[in-house]
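Residue numbering for the sequence shown follows numbering that gives the first Met the number 0, starting at 0 and increasing by one per position. No residue lacks a Cβ here, since even glycine has one placed at the ideal position from N, Cα and C. Below: the structure, in structure tokens.
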Amino acid sequence: MKKVVLGKTGLTVNKNGFGALPIQRITKSEAVYLLQKAFYHGVNYFDTARAYSDSEEKLGAAFSYIRDKIIISTKTGAQTGEDLCKDLEQSLKMLQTDYIDLYQFHNPSFCPKPGDGTGLYEAALEAKAQGKIRHIGITNHRLAVAHEAVESGLYETLQFPFSYLASEQDLALVKVCQEHQMGFIAMKALSGGLITDSACAYAYMEQFDHVEPIWGIQREKELDEFLSYQDTPPAMTEELKNKIEKDRKELSGEFCRGCGYCMPCPEGIEINNCARMSLMLRRSPQAGWLSPQWQEKMKKIENCRHCGACMKKCPYGLNTPKLLEKNYEDYKTFLK
0 MKKVVLGKTG
10 LTVNKNGFGA
20 LPIQRITKSE
30 AVYLLQKAFY
40 HGVNYFDTAR
50 AYSDSEEKLG
60 AAFSYIRDKI
70 IISTKTGAQT
80 GEDLCKDLEQ
90 SLKMLQTDYI
100 DLYQFHNPSF
110 CPKPGDGTGL
120 YEAALEAKAQ
130 GKIRHIGITN
140 HRLAVAHEAV
150 ESGLYETLQF
160 PFSYLASEQD
170 LALVKVCQEH
180 QMGFIAMKAL
190 SGGLITDSAC
200 AYAYMEQFDH
210 VEPIWGIQRE
220 KELDEFLSYQ
230 DTPPAMTEEL
240 KNKIEKDRKE
250 LSGEFCRGCG
260 YCMPCPEGIE
270 INNCARMSLM
280 LRRSPQAGWL
290 SPQWQEKMKK
300 IENCRHCGAC
310 MKKCPYGLNT
320 PKLLEKNYED
330 YKTFLK
């Protein structure tokens, strides 16, 4: 069972990290079962966030009795030190714990630093001095902010999107983190569902000893797939290399990663799925995406105001309205 050390934190985690965003979509009993099954099969790192509705509460229900045997990271989207303190107290309550192993700033548009006027970093340091958090990290989707965080020396970990669809710039960031002994946590290792072969994804991640992927898990069959790789990890065969190369060619260029930071849309458009519908139709079973419910969601694209709000918030600089229009036109061809 492969282990990863999260940089200077010294935290040693199983190569399989459990991304707990999806468990907000299932019942509490289902979530507790999945979480405990993961733990009893060797998974010891669980990542959540204050923003993931009841995800923290479900982790608390699953692990309060074995708190010292697992590593928990959560996140705050607070904009001020005061709000960070409120978020932290709520997280501690929901997680049924008196400390958090890794507390992360959740995709800020800037790199929080002491003296920047927000009080964010100062509040995190105070919480650390009080023993409420043990390590300070940051998550982001912006390369510039990520590099600034690494160079600042203020953070022990960086959580950033990383998969075999990564650009050369992404790979350079991974290397810089290693050089600075900064833990690298790979979110969206399946690229928001666009990567459909978990064996390919796992084999790619195996090549980076210092990278800790967190897999978003909602169903038991998904968990079982990743657990099976712990004892018999898939080798990077020519067959897998060819699959990866095919995906890279198909998904090169501008495409929506499904991060959701562009939302909410004033017209109620579910941008994070609608703007990549063409890819989803070609990479997963079509029936679900062509349901009356999804037809109604896609039809909302007709109401797009082109207000530009989504473009301003997109960390990848995409022309979101144009992507929506393109995907809607393609979608209609599947309904004929």
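Three-state class that DSSP yields for residue i in the structure shown
{"i": "tyrosine 64", "result": "helix"}
{"i": "glutamate 244", "result": "helix"}
{"i": "lysine 1", "result": "coil"}
{"i": "asparagine 302", "result": "helix"}
{"i": "histidine 146", "result": "helix"}
{"i": "serine 360", "result": "Not covered by the structure: residue 360. The range shown for the chain is 0 to 335."}
{"i": "valine 210", "result": "strand"}
{"i": "asparagine 13", "result": "strand"}
{"i": "proline 160", "result": "strand"}
{"i": "arginine 218", "result": "coil"}
{"i": "isoleucine 268", "result": "coil"}
{"i": "glycine 136", "result": "strand"}
{"i": "tyrosine 260", "result": "coil"}
{"i": "glutamine 103", "result": "strand"}
{"i": "tyrosine 51", "result": "coil"}
{"i": "tyrosine 44", "result": "strand"}
{"i": "glycine 6", "result": "helix"}
{"i": "glycine 182", "result": "strand"}
{"i": "glycine 130", "result": "coil"}
{"i": "glycine 116", "result": "coil"}
{"i": "glycine 18", "result": "strand"}
{"i": "threonine 332", "result": "helix"}
Selection from the options that minimises the alpha carbon distance to residue i
{"i": "serine 359", "options": "Ile25, Tyr330 and Arg282", "result": "Examination of residue 359 is not possible in this model, given that the chain is present from 0 through 335 alone."}
{"i": "leucine 250", "options": "Ile194, Asn241 and Lys240", "result": "Ile194"}
{"i": "histidine 209", "options": "Gln217, Ala185, Gly215 and Phe225", "result": "Ala185"}
{"i": "alanine 77", "options": "Asp196, Thr96 and Phe104", "result": "Phe104"}
{"i": "leucine 280", "options": "Thr332, Gln95 and Phe17", "result": "Thr332"}
{"i": "lysine 68", "options": "Asp100, Glu269, Lys85 and Asp169", "result": "Asp100"}
{"i": "tyrosine 163", "options": "Ala234, Met204 and Leu142", "result": "Met204"}
{"i": "threonine 26", "options": "Lys1, Ser52 and Asn13", "result": "Ser52"}
{"i": "tyrosine 327", "options": "Leu94, Leu317 and Lys299", "result": "Lys299"}
{"i": "threonine 75", "options": "Ala48, Leu33 and Gln292", "result": "Ala48"}
{"i": "glutamate 301", "options": "Gly16, Ile270 and Asp82", "result": "Ile270"}
{"i": "leucine 94", "options": "Thr138, Val31, Val42 and Asn106", "result": "Val31"}
{"i": "isoleucine 133", "options": "Arg275, Ser197, Leu142 and Tyr102", "result": "The question names isoleucine, but residue 133 is arginine in the sequence shown. With distances taken between Cα atoms, arginine 133 lies closest to Tyr102."}
{"i": "glutamate 238", "options": "Gly18, Glu56 and Asp196", "result": "Asp196"}
Rounded Cβ spacing between residue i and residue j (contact assumed at less than 8 Å)
{"i": "leucine 338", "j": "isoleucine 70", "result": "No answer is possible for residue 338: it lies beyond the span of the chain, which begins at 0 and ends at 335."}
{"i": "leucine 91", "j": "lysine 36", "result": "Not a contact, Cβ separation roughly 25 Å."}
{"i": "glycine 191", "j": "glycine 257", "result": "3 Å"}
{"i": "tyrosine 44", "j": "glutamate 221", "result": "17 Å between Cβ atoms; not a contact."}
{"i": "glycine 80", "j": "glycine 118", "result": "3 Å"}
Suppose only complete runs of 4+ residues qualify. What are the alpha helix (DSSP H) ranges in the stretch 69-99, listed by chain order? 80-94, all fully within the stretch 69-99.
Please go through the stretch 275-324 and give each complete alpha helix (DSSP H) segment of 4 or more residues, from N-terminal end onward. Given a length threshold of 4 residues, each whole run of the alpha helix (DSSP H) inside the stretch 275-324 is given here in chain order: 276-282, 285-288, 291-298 and 308-312.
Cβ pair count under 8 Å reaching 3, the stretch 287-307 against the stretch 264-272: In the pairwise beta carbon analysis, the stretch 287-307 is classified as touching the stretch 264-272: at least three pairs are separated by under 8 Å.
If we count Cβ pairs, one from each stretch, closer than 8 Å, do we get three or more for the stretch 151-161 versus the stretch 2-17? yes
How about the stretch 119-135 and the stretch 239-246: do they share at least three Cβ pairs that are nearer than 8 Å? no
Meets three-Cβ-pair contact criterion under 8 Å: the stretch 224-238 and the stretch 312-324: no
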